[in-house]
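Contents: one structure, followed by commentary.
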Amino acid sequence: MKFVSTLPAIGILLCCAGSSYADTPANSGFKPGFMDEEVGGELLTAEICKPEYPRASLRNEETGVVRLDMLIGKDGSVIDGKISQTSGFRNLDYATLQATMKCIYRPHSKAGKPFQQKHLLQYVWRLE
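Everything in the sequence shown is counted per numbering that gives the first Met the number 0, starting at 0 for the first residue and increasing by one.
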């Protein structure tokens, strides 16, 4: 059985959308903006925070979508993560939460000052 999983990360700050896992390589360049422009939020460590499909879930052919509310710190690390929508399968939910806690983001900043930021993260588990 082959599985395919995607991890689009959508940054939510009031009405500002962030970047996605698929289109933000770890070596993407910094794009300077105006001093009062908010920047940051790109996922920098895509490979280390990609969850592995749980063996029991593969065996049981479990699929689903997990949504997490993440709090990204001033240093870009994940401070907190909570499941906001379950896949319906505990193993998939746990694997997603555990892996995404290892993610590192480019810190959000405004006027050159980093700040904490909330992100909505979605992970799709599917078998092909």
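Positions of the beta carbon are idealized from the N, C-alpha and C atoms, including for glycine.
Opposite Tyr-122 in the DSSP bridges: which residues?
If you number the sequence shown from 1, residue 122 lands on position 123. Beta-bridge pairing links Tyr-122 to Val-65.
Short Cβ contact (8 Å threshold) for Ile-71 with Gln-115:
Numbered from its first residue, the sequence shown carries residue 71 at position 72. Numbered from its first residue, the sequence shown carries residue 115 at position 116. Annotated as proximal: Ile-71 and Gln-115, with beta-carbon spacing under 8 Å.
Which partner residues does Ile-103 have in the DSSP bridge list?
The count along the sequence shown starts at 1 and reaches residue 103 at position 104. The partner list for Ile-103 (beta bridge, DSSP) reads Ser-76.
Just confirm the distance between the C-beta atoms of Arg-99 and Val-77, as a whole number of angstroms; I'd bet it's less than 8 Å.
Position 100 of the sequence shown, counted from the first residue, corresponds to residue 99. Position 78 of the sequence shown, counted from the first residue, corresponds to residue 77. The sequence given here places Thr at residue 99; Arg does not occur at that position. Indeed, because the Cβ distance is near 7 Å, the residues count as touching under 8 Å.
Could you check the C-alpha separation between Gln-121 and Ser-56 for me, to the nearest Å?
Start at 1 with the first residue of the sequence shown, and residue 121 comes out as number 122. Start at 1 with the first residue of the sequence shown, and residue 56 comes out as number 57. Their backbone Cα atoms lie some 18 Å apart in a straight line.
Using three-state DSSP, classify Ser-108 as helix, strand or coil.
In the sequence shown, counting from the first residue as 1, residue 108 sits at position 109. It is a strand residue.
Quick one: residues in its chain with C-beta nearer than 6 Å to the C-beta of Cys-48, no 5 flanking neighbours on either side, listed in chain order?
On the sequence shown, residue 48 is found 49 positions in, with the first residue counted as 1. Correct list, in chain order: Ala-98, Thr-99, Lys-101 and Cys-102.
Looking only at its own chain, which residues have a Cβ that is under 8 Å from the Cβ of Gly-28, when we skip the five neighbours before and after it?
Working through the sequence shown from its first residue, we reach residue 28 at position 29. At Gly-28, the pLDDT of 42 sits below 50, so the modelled position is not reliable and the matter cannot be decided from this model.
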